[in-house]
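Using my numbering, you'd call the opening residue of the sequence shown number 12 and step up by one each time.
Note that the Cβ used here is the ideal one computed from N, Cα and C, for glycine as well.
A quick note: this is a predicted structure, and the numbers were derived from the prediction, not measured.
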Amino acid sequence: MADEEKELQSQEAPAEGSRGEHGEKQRPARRTRTPKKEEAPGPHDTLEDLPGELARAVERIRAGLPGVEVRGRRDHWLEIRTEPSRWVEVATFLRDDPELRFDYLALLTGIDRLDDGFEVVVHLNALTSNLRLILRTQVPREEPVCPTLTGVWPGANWHEREAYDLLGIRFEGHPDLRRILLKEDWVGHPLRKDYIDRRPPRKIQVKADWERRA
12 MADEEKELQS
22 QEAPAEGSRG
32 EHGEKQRPAR
42 RTRTPKKEEA
52 PGPHDTLEDL
62 PGELARAVER
72 IRAGLPGVEV
82 RGRRDHWLEI
92 RTEPSRWVEV
102 ATFLRDDPEL
112 RFDYLALLTG
122 IDRLDDGFEV
132 VVHLNALTSN
142 LRLILRTQVP
152 REEPVCPTLT
162 GVWPGANWHE
172 REAYDLLGIR
182 FEGHPDLRRI
192 LLKEDWVGHP
202 LRKDYIDRRP
212 PRKIQVKADW
222 ERRA
């Protein structure tokens, strides 16, 4: 294939004003261009490739949390994946370690991974060092239970209620786990990918301006 592309590129276009065998004027042939090969997204950087503060943070987390998967990313985020059984332990370390101090929980949400269960995702910021971190764990679909983080970051309260309301993830130890967006008698969790809304469609009547003024 590469040889064919080179051959096409090497073909010279007809000179301007040249004629074909029947006397018709020929247009210069369009030159073909070799398509650029897009680089596949690379893996997470090694410690040697990371900026100094990210590399130090990765080493700090690995030393303080043996067995936890942590890596630095090229977009200057840290990422940790752990088991639900270590969820609170990891969160507490990230908050309390004097060199990390992830003191702000910006986001907690859930993702429906179908057969792989539900993923709980947390975005953390360290306001003093400007580090950012994504914390992930996975819970089974049949029993989607994850320990609450309200004892570590009180701001997790409403985030966890929303994930419970829309996905059905139960946060064990939450002080007030109930629906936050939908009515208490709502059946099911509408952000699940297998959710089916069985309610009959609502009929919406739109009145014209002159009818509303009447």
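By how many angstroms is the C-alpha of residue j removed from the C-alpha of residue i?
i	j	result
LEU160	PHE182	8 angstroms
PHE82	PRO155	Per the sequence shown, the amino acid found at residue 82 is Arg instead of Phe. C-alpha separation (whole angstroms): 26 angstroms.
PRO77	PHE104	12 angstroms
VAL79	LEU192	34 angstroms
GLY75	GLU100	11 angstroms
GLY63	GLU173	37 angstroms
TYR5	ASP187	Since the first residue of the chain shown is 12 and the last is 225, residue 5 is not available in this structure.
LEU116	ARG203	24 angstroms
LEU178	LEU144	23 angstroms
THR148	VAL133	9 angstroms
GLU127	ARG152	Per the sequence shown, residue 127 should be read as Asp rather than Glu. Computed Cα separation, rounded: 7 angstroms.
TRP197	ILE180	15 angstroms
LEU146	ARG92	6 angstroms
Where does residue i sit, in a helix, a strand or coil, going by DSSP?
i	result
GLU64	helix
LEU193	coil
ARG172	helix
LEU119	strand
ARG92	strand
ALA51	Its pLDDT being 40, under 50, ALA51 is placed unreliably in this model, and the coordinates cannot settle the point.
GLU110	coil
How would you label residue i, buried or exposed, when you count the other beta carbons within 10 angstroms and need 16 or more for buried?
i	result
TRP164	buried
GLY121	buried
ASP107	exposed
PRO158	buried
LEU125	exposed
HIS170	buried
LEU61	buried
Given residue i, which residues of its chain have a CB within under 7 angstroms of its CB, disregarding the five upstream and five downstream residues?
i	result
TYR206	GLY199 and HIS200
ALA68	LEU89, LEU111 and LEU142
ARG73	VAL81
Please list, in chain order, all residues of the same chain as residue i whose beta carbon is under 6 angstroms from its beta carbon, the five residues on each side excluded.
i	result
LEU65	GLY83
By Cβ distance, which residues of its chain are closer than 8 angstroms to residue i, with the 5 residues on each side in sequence left out?
i	result
GLY184	PRO158, THR159, THR161 and GLY162
ARG190	ARG172, TYR175, ASP176 and TRP197
- prompt: So, do the segment 135-142 and the segment 107-116 have three or more beta carbon pairs nearer to each other than 8 angstroms?
  reply: yes
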